[in-house]
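When we follow the working numbering, the leftmost residue of the sequence shown carries the number -5, and every step to the right adds one.
Note that CB positions come from ideal geometry on N, CA and C, so glycine has one too.
Beneath this line is the structure, given in structure tokens, with notes to follow.
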Amino acid sequence: MANLNDFKLVQRISRRYADLLFAELGVEKQFEKDVHKERLGFYPFIIENVCGITDLSLIDEIITDTDFNRELHENAGDDCGIDVVHIDEDNNLILLFNFKYRETFKQTNDGGNDANY
């Protein structure tokens, strides 16, 4: 189960990914709260680590999330609840992602969001 240090690490890494993504796209954005920037950086952080894609422009292309595209591209289509669509033709896989970025850490013992293996 994740702890407060894990949460803070994800926050810091997500902010860094947002900076890298903004630089790649030539986007200059200021946010009232860091959490908005972290949320946008969370997408490329997870995609790189789950899918192995390191090209930020390619990552940007596969993100379908309405809020993400509204913030960075002023183009908000309806994502129908699917935030990322990755088609891996080499392995004949279609990966669909739905992200939830938590603004605050809440320690629980119920394991409600933990996968059971």
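Length of the line joining the Cα atoms of D0 and A70: The residue labelled residue 0 in the question sits at position 6 within the sequence shown. The residue labelled residue 70 in the question sits at position 76 within the sequence shown. Cα to Cα, the separation comes out at about 31 Å.
Assigned exposure category for I88 - 16 Cβ within 10 Å defines buried: Here residue 88 refers to the residue found at position 94 when the sequence shown is read from its first residue. I88 is exposed by the Cβ-count criterion.
Rounded to whole angstroms, what's the CA-CA distance from K23 to P38? Just pull it up for me. Within the sequence shown, numbered from 1, the residue matching residue 23 stands at position 29. Within the sequence shown, numbered from 1, the residue matching residue 38 stands at position 44. Computed Cα separation, rounded: 17 Å.
Give me the Cα-Cα distance between I47 and I53, rounded to the nearest whole angstrom. Numbered from 1 along the sequence shown, position 53 holds the residue referred to as residue 47. Numbered from 1 along the sequence shown, position 59 holds the residue referred to as residue 53. Distance between the alpha carbons of I47 and I53: 7 Å.
In chain order, each alpha helix (DSSP H) run of at least 4 residues that lies wholly inside the stretch 28 to 66: 28 to 45 and 50 to 56
Residue-level contact to chain D via CB, T98, 7 Å cutoff: No chain D appears in the structure shown, which is made up of a single protein chain.
Would DSSP call D13 helix, strand or coil? In the sequence shown, residue 13 corresponds to position 19, counting from 1. Three-state result, D13: helix.
Do V21 and I56 come within 7 Å of each other at the CB atom, strictly closer than that value? For the purposes of this step, residue 56 is taken as the residue at position 62 of the sequence shown. For the purposes of this step, residue 21 is taken as the residue at position 27 of the sequence shown. Their beta carbons are not under 7 Å apart, which means I56 does not touch V21 by this criterion.
When the Cα atoms are used, what is the spatial distance from K2 to D28? If you number the sequence shown from 1, residue 2 lands on position 8. If you number the sequence shown from 1, residue 28 lands on position 34. Each residue's alpha carbon lies about 12 Å from the other.
CB-CB under 6 Å to Q5, same chain, minus the five flanking residues each way: which ones, in chain order? To locate residue 5, count along the sequence shown from 1; it is residue 11. Closer than 6 Å at the Cβ level, and outside the excluded window around Q5, lie E32.
Comparing C-alpha positions only, which one of C74, H30, E83 and A(-4) sits nearest to F12? For the purposes of this step, residue 12 is identified with residue 18 of the sequence shown, where counting begins at 1. A small fix is needed here, since residue 12 is Ala in this sequence, not Phe. Closest by alpha carbon: H30.
With DSSP as the reference, label F1 as helix, strand or coil. Start at 1 with the first residue of the sequence shown, and residue 1 comes out as number 7. Helix at F1.
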